[in-house]
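Data first, discussion second: the structure below is written as structure tokens.
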Amino acid sequence: MSESKKEVSLVLGSGGARGLAHIGVIRWLEEHNYQIKSISGCSMGAVIGGIYAAGKLAEFELWVCAIKKMDIVSLLDISWRKNGLVKGDKIIDTLIALVGDQKIEDLPIPYTAVAADIASEKEVWLQSGSLFDAIRASISLPMFFTPFTINGVDLIDGGVLNPVPIAPTFSDQTDMTIAVNLGGPAQVKPIAKVVSVEKKSSVFHDKISRYISKFQSTLITDTVIDLSAYDIANQAFDAMQGTIARQKLAAYPPDYTVEIARNACGTFEFDRATEIIELGYNNAQKYLSGLVENDVAPEI
């Protein structure tokens with residue numbers, strides 16, 4: 005039996021911890037014989053897309069499914085600057101230790117991380133240079149992360165201007181473009197938070213804890229930083245991104261869109277990784293199953 009894989013340009017949207025759903029979408033595509041030939045990502049979409057392009061998504065999935073809430077808090081390095089609360093160095097250093105830093109131009113598939121030059125009011129496509137410099141710029145959530153400077157330009161979260169960056173894929177010669185929008189319509193009954201999610205690997209968590217332990221001397225406790233205090237600001241940012249995403253998708257519609265409800269989880273609820281990844285997989289099945297059903301049976 006021979007069957008050629010359909011080639012996909014994959015667009016991964018912005019949306020904090022909801023971006024873990026991208027992992028589930030990618031897994032569904034791989035299992036159903038689709039080959040990702042290019043990736044354009046914004047914010048968390050830039051993180052997942054970049055790690056996938058570097059060939060380390062399996063390791064990242066184990067990592068993120070093993071971390072606990074206090075591990076996340078441990079990785080927040082207060083900047084005490086007026087332009088942002090967290091520097092983000094610890095998070096990026098941890099990801100580099102896990103994935104290894106690479107040059108974007110050396111990745112096996114074309115990759116674009118989208119950030120925003122707020123001073124010039126334009127989006128910036130990062131398609132060369134350090135992968136994790138590009139990711140750090142793209143995740144610079146206003147008021148939370150400090151801006152990141154590349155080539156003398158201060159860059160912030162690309163979701164400010166384009167939360168579903170389809171334009172970088174326009175010149176791709178692939179069979180289809182699939183976009184994952186993390187700002188989908190809110191569910192009337194939000195997904196209930198699972199209080200106790202079984203971690204995939206306690207051994208892996210032990211490895212993570214040993215690495216993170218070197219940050220414990222500067223541990224930021226819940227009494228110092230309360231992430232829930234940012235809920236209103238994050239909801240406002242999500243509402244803005246949702247409006248922009250609908251406009252972008254209407255103006256430049258992809259061939260297929262996978263929607264993730266904007267209230268699926270909170271911006272910083274990375275400790276819910278297992279269920280959000282599963283949500284991404286299930287929603288890929290929901291929105292893309294027609295692709296499989298319409299495929300012509302392979303020749304034998």
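5 is the number of the first residue of the sequence shown in my numbering; add one for each residue after it.
Positions of the beta carbon are idealized from the N, C-alpha and C atoms, including for glycine.
Just to confirm, does residue i get its C-beta within under 6 Å of one of the non-hydrogen atoms of the ligand MG?
i	result
E11	Questions concerning the ligand MG fall outside what the structure shown contains, since it holds no ligand whatsoever.
My guess is that residue i and residue j are in contact by the Cβ rule of under 8 Å, so how many angstroms apart are they, rounded?
i	j	result
S42	I113	6 Å
C46	S13	15 Å between Cβ atoms; not a contact.
L111	A57	4 Å
A117	L130	4 Å
L159	A120	7 Å
V51	G20	Contact flag wrong, Cβ pair sits at about 10 Å.
E109	G162	About 19 Å; that fails the 8 Å criterion.
I76	D275	7 Å
Y115	G188	So it is not a contact: roughly 24 Å between Cβ atoms.
L253	N185	7 Å
I100	L79	With 8 Å as the limit, I100 and L79 do not qualify as a contact, their Cβ atoms being about 13 Å apart.
P146	V164	7 Å
Y38	K72	Rounded, the Cβ-Cβ distance is 33 Å, inconsistent with contact.
A268	I280	7 Å
Could you give the DSSP three-state label for residue i: helix, strand or coil?
i	result
I27	helix
S293	helix
L165	coil
D176	coil
T153	strand
V192	coil
D105	coil
D93	helix
A183	strand
M5	At M5 the pLDDT is 35, less than 50, meaning the model places this residue with poor confidence and gives no usable figure here.
L79	coil
G246	helix
V143	Note that residue 143 corresponds to Ile in the displayed sequence, not to Val. Three-state DSSP puts I143 in coil, outside helix and strand.
K73	helix
E63	helix
T271	coil
V201	With a pLDDT of 41 at V201, under the threshold of 50, the modelled position of this residue cannot be trusted, and the question is left open.
A57	helix
I281	helix
F148	coil
A123	coil
L223	Model confidence at L223 stands at a pLDDT of 42, short of 50, so the residue's coordinates are unreliable and nothing is read from them.
I4	With the chain represented from 5 up to 304, any question about residue 4 goes unanswered, as that position is not in the structure.
I170	coil
I100	helix
N287	helix
Please name the residue or residues paired with residue i in a DSSP beta bridge.
i	result
V118	C46 and W129
E2	The requested residue 2 does not occur in the structure, where the chain is confined to residues 5 to 304.
A265	G188
D158	T153
S134	K107
Y256	DSSP lists no partner for Y256.
L16	G45 and V184
*Does the count of Cβ pairs from the segment 257-273 and the segment 168-185 closer than 8 Å reach three?*
yes
*asked:* Count Cβ pairs between the segment 285-293 and the segment 19-29 that sit closer than 8 Å; are there 3 or more?
replied: yes
*Pair every Cβ in the segment 129-145 with every Cβ in the segment 59-75, then say whether three or more of these pairs are closer than 8 Å.*
Contact fails: fewer than three Cβ-Cβ distances are below 8 Å.
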